[in-house]
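In what follows, a single structure is set out as structure tokens and then discussed.
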Amino acid sequence: MSLDATADGIWSDDLALIRTVAREAGDIALGFFGKSPEVWWKQEGRSPVSAADFASNDRLHSRLLAARPGYGWLSEETDDDASRLEYDTVFVVDPIDGTRAFINGEKTWCVSVAVVHKGRPVAGVLYAPALEEEFCAAASGEAFKNGRPIHVSAARDGDVRTIALSEDMLSRFGEGFRRTLHRIRHVPSLAYRLAMAADGRIDGTVVTRNSHDWDLAAADLILERAGGRLVGLDSQRLVYNRRDVKHGILCGGAEHVLESLVAGLAPG
């Protein structure tokens, strides 16, 4: 089945728009990649931002809002404006998710763009130009990678589950469960880790607290349409475009690992 056929519906035009503009922004960022762009530090020196982030953000902001002036805007690299809460439909953008990877010359970074309607993503794209990969989905139909449908991993009796999580999070699980897990090398881009779960390369991931809407919204939809879920420790799906755009500990991946991940981390 073609991408255009499965994307049919109310949000197909928005999906086409954000795919086009994400590619433009990603190609702008790629022009800085490996060329030591200027870097600044925010959040008391804990989070880097580069000239490439700002250039990508500028293209996304100008092109997307020109095309959809009736939509709100939320981006990691734009000062937050509470007026976005007045909009039913909002662009939620990370111009480079995985800036640490980007400035270190690693290819696992991506442009993340979602259309969020009444709290849930309805169109999403992750464009990783250094890897020549694009993941996308609309609110109905399948998730795609480079134009081909993708699916989360299937349950396999007795197999070790491949999970992306920190050493600290791993230590919170019981010893028996830890023996069933294979922890992969850290991938700085949270959106790309969720995409890895969507295409079945890993079974799931645990997200530490204080991730933001822009890290998650596009990847959340792609994972959902690939057959998985991203949830909090209450097992509920996330709501976006709230006043507070931060989230607590999250678990994402295929259904066959999700319940065990949540149970291992939930308090009590």
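Sequential numbering of the sequence shown, starting at -13, is according to the numbering used here. Positions of the beta carbon are idealized from the N, C-alpha and C atoms, including for glycine.
Extract the residue ranges of the beta strand (DSSP E) inside the segment 210 to 251, only unbroken runs of 3 or more that lie entirely within it. With a minimum length of 3 residues, the continuous beta strand (DSSP E) runs that stay inside the segment 210 to 251 are 215 to 218, 236 to 239.
DSSP state of residue 117 mapped onto helix, strand, coil: coil
Contained beta strand (DSSP E) runs [length at least 3] in the segment 98 to 171, N- to C-terminal order: Here the runs fully enclosed are 106 to 114, 119 to 124, 129 to 131, 134 to 136, 147 to 150, 167 to 169.
Using CA atoms only, rank isn't needed, just tell me which of 57, 44, 72, 144 is closest to residue 162. 144
Nearest-angstrom Cα distance between residue 251 and residue 158? Distance between the alpha carbons of residue 251 and residue 158: 7 Å.
Checking the sheet assignment: what are the DSSP bridge partners for residue 198? DSSP lists 232 as partners of residue 198.
Output needed for residue 155: all residues of its chain with C-beta closer than 6 Å, excluding positions within five of it in sequence on either side, in chain order. 192
Using CA atoms only, rank isn't needed, just tell me which of 101, 40, 222 is closest to residue 205. 101
Of all the options -3, 200, 179, 233, which has the alpha carbon lying nearest to the alpha carbon of residue 87? 179
In DSSP terms, what residue 78 is bridged to: 60, 100
From which residue to which residue does the beta strand (DSSP E) around residue 190 run? 190 to 193
Where residue 22 falls: helix, strand or coil (DSSP): In the displayed model, residue 22 falls within coil according to three-state DSSP, outside both helix and strand.
Using a 10 Å radius around the Cβ and a threshold of 16 neighbouring Cβ atoms, would you call residue 211 buried or exposed? buried
Measure the C-alpha to C-alpha separation of residue -1 and residue 23 and round it to an integer number of angstroms. 34 Å
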